[in-house]
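For reference, the structure discussed in these notes is given below.
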Amino acid sequence: MNNEFFEALELLEKEKGISADYLLEKITAAIAIAVKRDFGGSDNALVEIDPETRKFSVAVQKEVVEEVEDPNTQILLEEAYKYDKKAEIGSLVAIGLETKQFGRIAAQAAKHVIRQGIREAERGQVLQEFQSREHEIITAVVSRIDERRGVAVLEIGRNEAVLPKSEQVPTEELREGERIKVYVVEVTSSEKGPRVMISRTHPGLVKRLFEMEVPEIYDGTVEIKAISREAGSRTKLAVWSRDDNVDAVGACIGPKGARVAKIVDELGGEKIDVVKYSEDPAEFISAALSPASVVSVDVDPEGARACVVRVPDGQLSLAIGNKGQNARLAAKLTGWKIDIKPESGFYGEE
Numbered sequence: 001m002n003n004e005f006f007e008a009l010e011l012l013e014k015e016k017g018i019s020a021d022y023l024l025e026k027i028t029a030a031i032a033i034a035v036k037r038d039f040g041g042s043d044n045a046l047v048e049i050d051p052e053t054r055k056f057s058v059a060v061q062k063e064v065v066e067e068v069e070d071p072n073t074q075i076l077l078e079e080a081y082k083y084d085k086k087a088e089i090g091s092l093v094a095i096g097l098e099t100k101q102f103g104r105i106a107a108q109a110a111k112h113v114i115r116q117g118i119r120e121a122e123r124g125q126v127l128q129e130f131q132s133r134e135h136e137i138i139t140a141v142v143s144r145i146d147e148r149r150g151v152a153v154l155e156i157g158r159n160e161a162v163l164p165k166s167e168q169v170p171t172e173e174l175r176e177g178e179r180i181k182v183y184v185v186e187v188t189s190s191e192k193g194p195r196v197m198i199s200r201t202h203p204g205l206v207k208r209l210f211e212m213e214v215p216e217i218y219d220g221t222v223e224i225k226a227i228s229r230e231a232g233s234r235t236k237l238a239v240w241s242r243d244d245n246v247d248a249v250g251a252c253i254g255p256k257g258a259r260v261a262k263i264v265d266e267l268g269g270e271k272i273d274v275v276k277y278s279e280d281p282a283e284f285i286s287a288a289l290s291p292a293s294v295v296s297v298d299v300d301p302e303g304a305r306a307c308v309v310r311v312p313d314g315q316l317s318l319a320i321g322n323k324g325q326n327a328r329l330a331a332k333l334t335g336w337k338i339d340i341k342p343e344s345g346f347y348g349e350e
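Quick note, the sequence shown lines up with residues 1 to 350 if you use this note's numbering.
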């Protein structure tokens, strides 16, 4: 039985990655508590489990006395000699328990500890695995969809994670069995195990897709300075080149638009504007309002990060965008409050 026990621990260590020493420590403590409960309720249990010799030894310590008041913790000298020939009044003797006395206790304690250990180890492994992928893109398979709540349960390797309705792209319809890319926003530990927040709407998803698709971003030549996104509809990306010979916008778009087209496909047709970042607020704001042309940018002299932008009369609606989207994304991208006005100062029908 002892051999089987130790072999089981070794197998757990190999398959689950749970330290056998860790389990033995926990099992030893659990048996000591169980013996204490069943044999008098005092701290008099001695438990030794030796993986080298593969032997168990469980004993109860008793004090040698002239008159026994508590048989659970005390023993007469004559009785003590049976266990220790050198026993004397006031000394402690260890009385070994036979297997039938502690076997059931040991088995129950070991079973409980191993189950708990497996749960803890698996949680730890999942936490470690996801923490290593925090702020990264991972590929997942949609395993099931809760129609009532709208959440999707995703398989990520051997683990599962929930994609809430709020983190799904409004224009996308997920299907069971479909492979999708998600962004790992945050991984935290809780009593119920690791909590993994994943998203399809986070701007970080677009950033990582560009890093994967554009070598100049991956090697650090081109830097993504800012992103603003309305998932499923439009994203604006501000990029800057550390090398004057490298066109940051051109690198992101790619030959004949091939690089950005791949990302647009991955995002289900979401429009992407790639603009040039500038330290000059007027230049940056002008670029951010693309595809509209900008005539002038008047920055608030009081430093309130607000400006008035004038555009050609015929491009006012283009600059503002459908339901104000272009202006809204430009403001998010730059961090400036943008007031758009027509060049002539008159608002026509358009």
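C-beta atoms are modelled at their ideal positions from N, C-alpha and C, and glycine is treated no differently.
CA-to-CA distance, residue j to residue i, given in whole angstroms
i, j, result
"Pro312", "Glu129", "53 Å"
"Phe284", "Asp244", "17 Å"
"Val295", "Ala327", "15 Å"
"Arg148", "Ala287", "43 Å"
"Gly324", "Glu230", "12 Å"
"Leu333", "Glu136", "22 Å"
"Glu134", "Glu186", "6 Å"
"Asp339", "Val260", "30 Å"
"Ala319", "Lys341", "9 Å"
"Val299", "Ala306", "6 Å"
"Gly90", "Ala45", "18 Å"
"Pro201", "Glu343", "Looking at the sequence itself, residue 201 is Thr, so the reference to Pro does not match. Their Cα atoms are separated by approximately 36 Å."
"Gly17", "Arg123", "12 Å"
Best match in the options for proximity to residue i [C-alpha to C-alpha]
i, options, result
"Glu25", "Pro51, Lys14, Asp84 and Glu270", "Pro51"
"Ala282", "Asp265, Arg229, Ser233 and Val309", "Val309"
"Ser233", "Val185, Pro170 and Glu279", "Pro170"
"Glu223", "Leu289, Ser143 and Val214", "Val214"
"Tyr22", "Lys85, Ile118 and Ile95", "Ile118"
"Lys236", "Tyr277, Ile49 and Glu211", "Tyr277"
"Ile227", "Val182, Arg242, Val47 and Leu209", "Leu209"
"Gln315", "Ala292, Ile253 and Gly96", "Ala292"
"Leu9", "Ala30, Arg54 and Ile31", "Arg54"
"Leu289", "Pro301, Ser317, Ile95 and Glu48", "Ser317"
Helix, strand or coil at residue i according to DSSP, with G and I counted as helix
i, result
"Asn159", "strand"
"Leu23", "helix"
"Pro342", "strand"
"Glu349", "Interpretation of Glu349 is limited by its pLDDT of 46, a score under 50 that renders its predicted location unreliable; the figure taken from the coordinates is listed afterwards. In the structure shown, Glu349 sits in coil (DSSP, three-state: anything other than H, G, I, E or B)."
"Lys15", "The sequence shown places Glu at residue 15, not Lys. Looking at Glu15 - three-state DSSP - the assignment turns out to be helix."
"Val290", "The residue you asked about is not Val; residue 290 is Ser in the sequence shown. Here Ser290 sits in coil by DSSP."
"Asp50", "strand"
"Ala8", "helix"
According to DSSP, residues forming a beta bridge with residue i
i, result
"Glu230", "Arg234"
"Gly96", "Ala59"
"Cys307", "Val299 and Ile338"
"Arg149", "Bridge partners of Arg149: none, in fact."
"Met212", "Its beta-bridge partners do not exist; DSSP assigns none."
"Arg144", "Val153"
"Glu186", "Met197"
Local Cβ density within 10 Å of residue i, reported as buried at 16 or more and exposed below that
i, result
"Ser189", "exposed"
"Asp273", "buried"
"Ala140", "buried"
"Tyr218", "exposed"
"Lys337", "exposed"
"Ser143", "exposed"
"Pro381", "With the chain covering only 1 through 350, there is no way to say anything about residue 381."
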